Amino acid sequence: MTKLFSVLLSLPLLCQVFPGIAEAAATDRALLSLFCAPGAIAGTTCKRARSYPDSEGRRCDVTLKPERQQGRFLASSNPLLLVSYGSGCEPHATDFGGAIVFEQVGGAYKFRGFQPGMQVDECVISTTRNEAQDVLVCLTGHMGQGVVETGVARVGFANASGGSIEMSYDFLLQAEDTTGAYLTNIVTCSEQLKYFDLSKLAAGPSPGTVVADVSYADRETIETACGKGFPKPKDAEDMREPAAGEGSVPQGYAKTGSVVIDIASRAARLR
Numbered sequence: 695m696t697k698l699f700s701v702l703l704s705l706p707l708l709c710q711v712f713p714g715i716a717e718a719a720a721t722d723r724a725l726l727s728l729f730c731a732p733g734a735i736a737g738t739t740c741k742r743a744r745s746y747p748d749s750e751g752r753r754c755d756v757t758l759k760p761e762r763q764q765g766r767f768l769a770s771s772n773p774l775l776l777v778s779y780g781s782g783c784e785p786h787a788t789d790f791g792g793a794i795v796f797e798q799v800g801g802a803y804k805f806r807g808f809q810p811g812m813q814v815d816e817c818v819i820s821t822t823r824n825e826a827q828d829v830l831v832c833l834t835g836h837m838g839q840g841v842v843e844t845g846v847a848r849v850g851f852a853n854a855s856g857g858s859i860e861m862s863y864d865f866l867l868q869a870e871d872t873t874g875a876y877l878t879n880i881v882t883c884s885e886q887l888k889y890f891d892l893s894k895l896a897a898g899p900s901p902g903t904v905v906a907d908v909s910y911a912d913r914e915t916i917e918t919a920c921g922k923g924f925p926k927p928k929d930a931e932d933m934r935e936p937a938a939g940e941g942s943v944p945q946g947y948a949k950t951g952s953v954v955i956d957i958a959s960r961a962a963r964l965r
């Protein structure tokens, strides 16, 4: 009976019971209306977005996601609101979406452009010493053919033509995990350290730093991989064999921990 009631509970009644739902819905509709005709709005989706980049006449849909970041990311401008979105007009290369930039002007927002491929789902906002500008650092990730690329990047902002605001990545640290494709990660025997995966970004132990979980190969791991080697997985015939001067770190043999990154100096240290 409880499950049936939960399914039949209408949106108006939900909004009465949970006022936050109504407020969030109103906010999303207001944001969508800045680039979408009222008749094309359905919930959190704009069925046909105006001024979508490189749309070439296509009806590009845009669906707002709950992940958002807000701060004074341009020292000379008003606060910005970044909203993650998904779109059928975006390919896998841009992870099927990106971020929308809104500028807060007084008590209202202005649309400042779509940024396909930009990820603002998991971020840390750090305040600079002079407190004139906030610094946005985000976790990025992309998977292609079993290879997972992750990174920690400082996000840059710049005023562009037509009143738009453009975003860019300045990578502080990057990692690559190939176990999904080759059952192993390949290391160069002369390397001292190699990162395979970055996750769970958070504020660091001191101002101006961030911390992330990490899997990696340190010098000891690399020496083992290039010497006697690690045990091969059961499906060894599918594993990529290392070339001369390389070693293999199969799935399950990487070390794990966390890495602290200083945003200004870009220095990274394991802990």
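Quick note: the sequence shown, position 33, residue 727 per my numbering, numbers continuous. Quick reminder that beta carbons are idealized off the backbone N, C-alpha and C, glycines included. Fair warning: this is a prediction, and the values are worked out from it, not measured in the lab.
Distance from the CA atom of Glu885 to the CA atom of Arg913, rounded to whole angstroms, is 7 Å.
Per DSSP, Arg913 lies in no beta strand (DSSP E); the unbroken alpha helix (DSSP H) holding it starts and ends at Arg913 to Cys920. Counting along the chain, the unbroken beta strand (DSSP E) around Ala869 starts and ends at Ile859 to Asp871. One alpha carbon belongs to Leu774, the other to Arg752, and they sit about 28 Å apart.
Separation of Val905 and Cys754 (C-alpha to C-alpha, rounded to the nearest whole angstrom) is 37 Å. Listed in chain order, the non-local C-beta contacts of Leu964 below 6 Å within the same chain comprise Gly951 and Val953, local neighbours out to five positions each way being set aside.
Phe767 sits away from Gly780, with the two beta carbons spaced by 8 Å or more. Contact between Ala919 and Val881 holds: their C-beta atoms lie close to 6 Å from each other, under 8 Å. Taking each of Ser727, Gly733 and Arg848 in turn and checking the Cα distance to Cys817, the smallest one comes out for Arg848. As a beta-bridge residue in DSSP terms, Arg848 pairs with Val831 and Asp864. In the three-state DSSP reduction, Pro732 falls in the helix class (H, G or I).
Under the DSSP definition of a beta bridge, Glu885 lacks any partner. Under DSSP, Leu726 forms no beta bridge with any residue.
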